[in-house]
Each structure stands twice: as C-alpha cells, then as structure tokens.
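In the numbering used here, the protein residues as written are 743 to 1132.
No residue lacks a Cβ here, since even glycine has one placed at the ideal position from N, Cα and C.
Read through the structure below, which is laid out as structure tokens, and then see the notes.
Shown next, in the form of structure tokens:
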C-alpha cells in the first residue's frame, strides 16, 4: 500500500474519479524520461532510446488489458480517444447508439457527428439503478444501419458497471462495432480483452495514478475500421494520431499501468472495505440518505450519496478538509444538475443534494475517518441552516 503523502497536508482526498494522485512509480518514470533527450521518431541513438521507452509503456498498458501492444494507440487522454473511436466508426455514416448516462466526451461527440441527421443518434435509457436495458439495446439495433454502439464500462458519477460481454455480442450480431469508455474501470477492476470482445476501448492514465494529459485507444486487430485521425501530420501511431509523442507522459502511463496491474487484487479488497465503512457510517449517523446506483455492481471505491435537504455545493463548502465532488469534474460548475442522476429518475432537488466520494490506491483509513467526521458535521450544519429536521 502506498503510504507517501502526495496531497496537501490535512486534506482527505476522496476524488479519484476526477483524478488520482500520481503513483510514485509513475512519477519516477516520468521524471527520468524528462531528463533524457530524444524524439521517438528519430533514428539516432537518442531517438531509439525514446522509442524504446514508448514501446515498453505500450507493452505495460497492453499487459493491464491483456491485449497486444500493437493494439494500443496513445492519445492525450480518454476524451480524445472517445472522439477518435466514434469519428472513425462513423466515417462512412450510419447510426450511433449510446446511453443517456455517458460522459460528455461520448455524448457531445455523438451529437456532433449526427448534427445533420439527428435521427441517427439513438440514446438508451437506464433504470433507477443506472443499468442499461439489454432489451432496449436490441430494440435500438433492430432499426438497422448501426455504425457503432458506445457504452461506458463504469459510470463516472455512480460507479455503476456495465456487463460488457452481452452488450458487445448484441452489437456484433447487428453488424455494428462496439466501443466502451473504460476510463473509470481500467486500473480499478480487471478487464481482459482476450475474453471481452470489445472493438474499441478508451482509457486515461491519470485515473489510475499516471500523469494527466495522456491516454490510449485500444483498437482490436482485424476489425474493419479505416482510421480517421483527428490530428493530421507526420503519421505517428500508425496514422491514427499525428504529432511528436509525449514520451515522458507515455512512460509515466506505462509505469502506472504496471503498478496497478501488480497490486490490483489487494487494492480492490482494501478500497471496497474503506468505501463500505464510509457509506455505513454516513447513512447510520445522518439518516435520510440514499446511495445511488446498483449497490452490488459498481466500482469498489465509488459512492454517490444523496443527503436529502442538504444541497451538495453547501455541504462541500462546509467541509474544506475533504476533496469530494458534486458529480463529474468535467461538468462541475454547470448550472444544470447531473444528467446521470436525472436519467436514473432522481428529481432535480435530489441531484443537487448528491455528493460523490471516490477512493483509490492511496486512500487510507485516516482519510475515511476524517471524511466521515467532516461530512456529518457539514450535512448537519447545512440542514440546520435550512431548518431541516436532523
């Protein structure tokens, strides 16, 4: 277990779904790479050394996913990978199927691709637990001419998981490609791409302890998909993404992937215990709470809790010693409530009173104890201020 304090003193950091602190292994690898000179596309010794670092990182990421290194395309992050996957799959037209609870990186990309033909975008509903209905997917596929189905592996707000195998099978039976935004799952739960037949998968290194600004797109070898790059230029990454490779960031991503792979089983068990401790204490001591999402089918370190009668922005302001979130960090500050919670049937008031806590590899019992005490104090304070019975 990592014990090194990587965050501000006195802060209980429970916002891993926004970004995880860099793992020591990733920081060391990134800094070491930054101290060397070399463009990975150059043929001299320095260039070859840089290329070897990239090759090693590609292997480390592939090992985490159990795929071939040649199936990994490095990007600036999952947002770019999502856009790249959808753009390539939709390059010849057709329908895009996704869900109402996807990350904006998928939803906005899908809307943009189908601007001139809005009927070519089909959004699948979810139930109150945040799960996509397989029958609903079959119905959407039955209309035909589907280019791609894109469904996230784990929801960024609730942690709810998707059963990828039957979803991918349904897409393939209809002649469509299947993509998953696995940003929140990779490095937190096992994913075996030799067993799960997805065609495309997106990830971001900073979610599992790598540096920000680097991610990857898995493209299964042999699928019928002409690359359609977002960035044109020198043809790096086999033509999928032009531009000088971010060797330092990629090296850090690889080191983080290797570290996550080594300690995954222990991390899952430990983080689940901490999450359950946090949840049970808050529900027992505060009352009038609701945990959102499928309780038995979610990420080990994520809990989305609605504190009825206590707006989340006020609660978070009242506990500055805890880093948590109202929802997705990518949409925080927006005036509208969580589209994920609304899609799950929550009211606007409930969505506005929901806090997401997300734990990870470096979370400790001390972090959780501090978060419990601070959250209880903050919620009681806000409820009292608003004259809500405690």
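Selection from the options that minimises the alpha carbon distance to residue i
i: residue 993; options: 907, 957, 1018; result: 957
i: residue 1003; options: 818, 802, 1112; result: 802
i: residue 1110; options: 1091, 1021, 1027, 1088; result: 1021
i: residue 919; options: 986, 900, 941, 937; result: 941
i: residue 798; options: 1038, 996, 1041; result: 996
i: residue 764; options: 1081, 1101, 953; result: 953
i: residue 1127; options: 1053, 978, 875; result: 1053
i: residue 962; options: 815, 1015, 893; result: 815
i: residue 851; options: 866, 834, 830; result: 830
i: residue 862; options: 1049, 877, 832; result: 832
i: residue 928; options: 766, 805, 1123; result: 805
i: residue 1119; options: 975, 1049, 855; result: 1049
i: residue 813; options: 881, 982, 876, 1025; result: 982
i: residue 898; options: 1107, 1080, 1108; result: 1080
Contact under 8 Å by Cβ, residue i with residue j
i: residue 939; j: residue 848; result: no
i: residue 1136; j: residue 903; result: Within the shown structure, residues of the chain are numbered from 743 to 1132, placing residue 1136 beyond reach of any answer.
i: residue 998; j: residue 947; result: yes
i: residue 959; j: residue 826; result: yes
i: residue 708; j: residue 1023; result: Nothing can be reported for residue 708, as the shown portion of the chain is limited to 743 through 1132.
i: residue 1097; j: residue 1057; result: yes
i: residue 1089; j: residue 1016; result: no
i: residue 836; j: residue 889; result: yes
i: residue 772; j: residue 990; result: yes
i: residue 1100; j: residue 757; result: yes
i: residue 759; j: residue 944; result: no
i: residue 839; j: residue 882; result: yes
i: residue 782; j: residue 774; result: no
i: residue 788; j: residue 828; result: no
Cut-off 7 Å between Cβ atoms - residues of its own chain near residue i, not counting five sequence neighbours on either side
i: residue 1147; result: With the chain represented from 743 up to 1132, any question about residue 1147 goes unanswered, as that position is not in the structure.
Rounded C-alpha distance that separates residue i from residue j
i: residue 1008; j: residue 859; result: 48 Å
i: residue 932; j: residue 777; result: 33 Å
i: residue 1103; j: residue 1121; result: 27 Å
i: residue 955; j: residue 819; result: 6 Å
i: residue 1074; j: residue 790; result: Interpretation of residue 1074 is limited by its pLDDT of 49, a score under 50 that renders its predicted location unreliable; no figure is taken from the coordinates.
i: residue 884; j: residue 1067; result: 39 Å
i: residue 1032; j: residue 1047; result: 6 Å
i: residue 970; j: residue 988; result: 21 Å
i: residue 914; j: residue 866; result: 17 Å
i: residue 1112; j: residue 1013; result: 16 Å
i: residue 1082; j: residue 1037; result: 16 Å
i: residue 979; j: residue 1093; result: 41 Å
i: residue 796; j: residue 811; result: 11 Å
i: residue 876; j: residue 834; result: 26 Å
i: residue 855; j: residue 1026; result: 47 Å
i: residue 878; j: residue 786; result: 55 Å
i: residue 972; j: residue 822; result: 8 Å
DSSP state of residue i mapped onto helix, strand, coil
i: residue 1112; result: helix
i: residue 970; result: coil
i: residue 1107; result: helix
i: residue 921; result: strand
i: residue 1005; result: helix
i: residue 857; result: coil
i: residue 757; result: strand
i: residue 1147; result: Given that the chain is displayed from residue 743 to residue 1132, the structure contains no residue 1147 and the question cannot be resolved.
i: residue 947; result: helix
i: residue 747; result: Because the pLDDT of residue 747 is 45, which lies under 50, any placement of that residue in the model is unreliable, and the number read from its coordinates should be weighed accordingly. In the structure shown, residue 747 sits in coil (DSSP, three-state: anything other than H, G, I, E or B).
i: residue 930; result: coil
i: residue 1100; result: strand
i: residue 996; result: helix
i: residue 984; result: coil
Cβ shell of residue i (< 8 Å), same chain only, five flanking positions each side left out
i: residue 1086; result: 843, 868, 869, 870, 871, 872, 900, 1034, 1035
i: residue 977; result: 984
i: residue 1116; result: 754, 1061, 1063, 1064
i: residue 894; result: 841, 843, 844, 845, 848, 904, 922, 923, 924, 925, 926
heavy atom of the ligand PLP below 7 Å from residue i C-beta
i: residue 929; result: Inclusion of the ligand PLP in the displayed structure is not the case, the ligand content being empty and no account of it being possible.
6 Å Cβ shell around residue i - same chain, five flanking residues per side excluded
i: residue 808; result: 934, 935, 936
i: residue 930; result: 1041
i: residue 767; result: 997, 1001
i: residue 761; result: 948
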